[in-house]
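Engineer:
Numbering (the numbering used here), first residue to last: 46 to 524.
The structure is reproduced here in structure tokens:
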């Protein structure tokens, strides 16, 4: 027997439970505090082998996202077999730390652990964190390792864009998704829509015939008719996040530009967005002025049955969350197919004129403190197979990341995944930039101000412009 210990210094709202190799424990929320978690492992080591302990850290919403770290667990055997076949005496012993921590706390936890020299070997997070973590030296360039594993050739080519910064590859895609527009079929029927009008809506949106402004008009009709409460005509997310960027893209804005070292802030495009959000909350009453209250639990539960809110902007993964966690008594996924439709985000009139979505791949990154980055990449490669990724994708409502899944029967047999795959043809990404967090927080400040009615759209533009200039200086181009 041999044992080793590692300390992780973390800032979290959850008490973390460490699970050795096979299981993923979930934990209850705790008050925010700085705590120390001692990770102790006891592993049986064969005389002829050299056990290497790796730690993987994953944020996952149970039960549908358990495969984030679970697939790494399932891949240990294949990774060790590959080592044996290569004559490498090392063997991977894996520990996972998996829970549903708040994203902000999760990110801070990794940064504090990295500063303390006690980071996990593998961290799963949004690809946009590459911009912060690569420039801070927290994650390692794995460009040279990618070509050593045939599994990497199966990853959809376009997704590699989300892992790159400065001509280097810093991560491996773990999942993908789209951000659809969901709608209540029963409420539309109550408004007088025919079944043909309801079922043709996705195609009309795809063709640019039914726009964001049409959505607003329909939502207002539902509010005025008393079919939904004031503020429940259309809902977006209750907190800052990637979704708000596709509003700006749809309005014709750009965040990056060739030859520009920093980020781009297009005042006209952001003004269009702020005007739309101000109109929804302050003029039409179709969106709650306090929607940005950060209450995800209420948001998910209130929208699940689509009997109270007409239109919802959400992710493909929410489909599985709704039927797994809230709709069991109503029929689960069958209820959703009967009562809920989904389509691309409608085009903004006066913007690009095209429908849109956004893909926010979560990626596996390897800590720069890992003593065995080659083993970490090997393990990730063995977890990146259609046999492991497909059950995760189906359970969680995420799109597959592999070319081979496009004609893999267990994947294509999923009606929801098969019917949303086309959305990737309309997708956009967040920028991998060390300046993105500051940029995002600034424009979100403007969103909060116009939705609450504290500022007019024009005043919000002035506020955000000043903040970006003060905080980013030459690293932002204001147009």
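The beta-carbon is built from N, C-alpha and C at its ideal position, and this holds for glycine as well.
The structure presented is a predicted model; accordingly, all values stated were derived computationally and were not measured.
1) What are the boundary residues of the beta strand (DSSP E) that residue 251 is part of?
2) Mind checking which residues open and close the beta strand (DSSP E) that includes residue 124?
3) For residue 352 and residue 344, I'd like the C-alpha separation in whole angstroms.
4) Can you name the start and end residues of the beta strand (DSSP E) that residue 220 belongs to?
5) DSSP three-state label for residue 306, please.
6) Determine the extent of the beta strand (DSSP E) in which residue 167 is found, giving its start and end residues.
7) What do you reckon, are the CB atoms on residue 286 and residue 400 nearer than 9 Å?
8) Strictly by DSSP, which residues pair up with residue 213?
9) Tell me the DSSP secondary structure of residue 73 in three-state form.
10) Excluding the five sequence neighbours on either side, which residues of its own chain have a C-beta within less than 8 Å of the C-beta of residue 312, listed in chain order?
11) If we ignore side chains and look at the alpha-carbon of each, how far apart do residue 508 and residue 372 end up?
12) Is it a yes or a no for the stretch 231-242 touching the stretch 487-500, going by three-plus beta-carbon pairs under 8 Å?
13) Could you check which residue in 325, 147, 438, 481 has the C-alpha nearest to that of residue 493?
14) Take residue 410 and list the residues in its own chain whose beta-carbon comes closer than 6 Å to its own, dropping the five residues that flank it on each side.
15) With residue 506 as the anchor, note down where its alpha helix (DSSP H) starts and where it stops.
16) Check the DSSP bridge columns for residue 409 and list the partner residues they point to.
17) Do you know how far the Cα of residue 147 is from the Cα of residue 341?
18) Could you check what DSSP says for residue 446 in three-state terms: helix, strand or coil?
19) Under 8 Å, with one C-beta from each stretch per pair, do the stretch 158-173 and the stretch 405-424 reach the 3-pair mark?
20) Does the Cβ of residue 305 have 16 or more other Cβ atoms within 10 Å, making it buried, or fewer, making it exposed?
21) Provide the residue span of the alpha helix (DSSP H) that contains residue 155, from first to last.
22) On the DSSP letters alone, give me the boundaries of the alpha helix (DSSP H) that residue 176 sits inside.
23) Please report how far the alpha carbon of residue 451 lies from the alpha carbon of residue 364, in whole angstroms.
24) Can you check which of these residues, 280, 382, 413, 214, is closest to residue 359 by C-alpha distance?
25) By Cβ distance, which residues of its chain are closer than 8 Å to residue 521, with the 5 residues on each side in sequence left out?
26) Quick check: the Cα distance between residue 265 and residue 329, rounded to an integer number of angstroms?
27) Within the stretch 311-372, note down every full beta strand (DSSP E) run reaching 3 residues or more, in order along the chain.
28) Keeping to the same chain, check which residues put their C-beta closer than 8 Å to that of residue 231; ignore five residues upstream and five downstream.
29) Would you call the CB atoms of residue 453 and residue 431 closer than 9 Å?
30) By the 10 Å Cβ neighbour count, where 16 or more other Cβ atoms means buried, how is residue 291 classified, buried or exposed?
31) Cβ of residue 200 within 9 Å of Cβ of residue 420?
32) Excluding sequence positions up to five away, which residues of its chain have a Cβ less than 6 Å from the Cβ of residue 331?
33) Apply the 10 Å Cβ neighbour rule to residue 455 and answer buried if 16 or more other Cβ atoms are within range, or exposed otherwise.
34) Below 9 Å between beta carbons: does that hold for residue 402 and residue 471?
35) Is it true that the stretch 103-111 meets the stretch 437-449, where meeting means three or more beta-carbon pairs spaced less than 8 Å apart?
36) CA-CA distance, residue 249 and residue 466?
Structural biologist: The relevant details are as follows:
1) Taken as a continuous stretch (DSSP letters only), residue 251 belongs to no beta strand (DSSP E), being part of the alpha helix (DSSP H) at 246-251.
2) From DSSP, residue 124 is part of no beta strand (DSSP E) but of the alpha helix (DSSP H) over 112-130.
3) 13 Å
4) 217-220
5) coil
6) 167-171
7) no
8) 210
9) For residue 73, the pLDDT reaches just 33, beneath the cut-off of 50, and the residue's location in the model is therefore unreliable, although a value from the coordinates is still provided. Coil, per DSSP.
10) 506, 510, 523, 524
11) 42 Å
12) no
13) 325
14) 168, 184, 216
15) 502-517
16) 169, 217
17) 10 Å
18) coil
19) yes
20) exposed
21) 148-160
22) 174-181
23) 20 Å
24) 280
25) 307, 308, 309, 310, 480, 484, 513, 514
26) 6 Å
27) 356-358
28) 351, 352, 384
29) yes
30) buried
31) no
32) 264, 265, 268, 278, 279, 325
33) exposed
34) yes
35) yes
36) 17 Å
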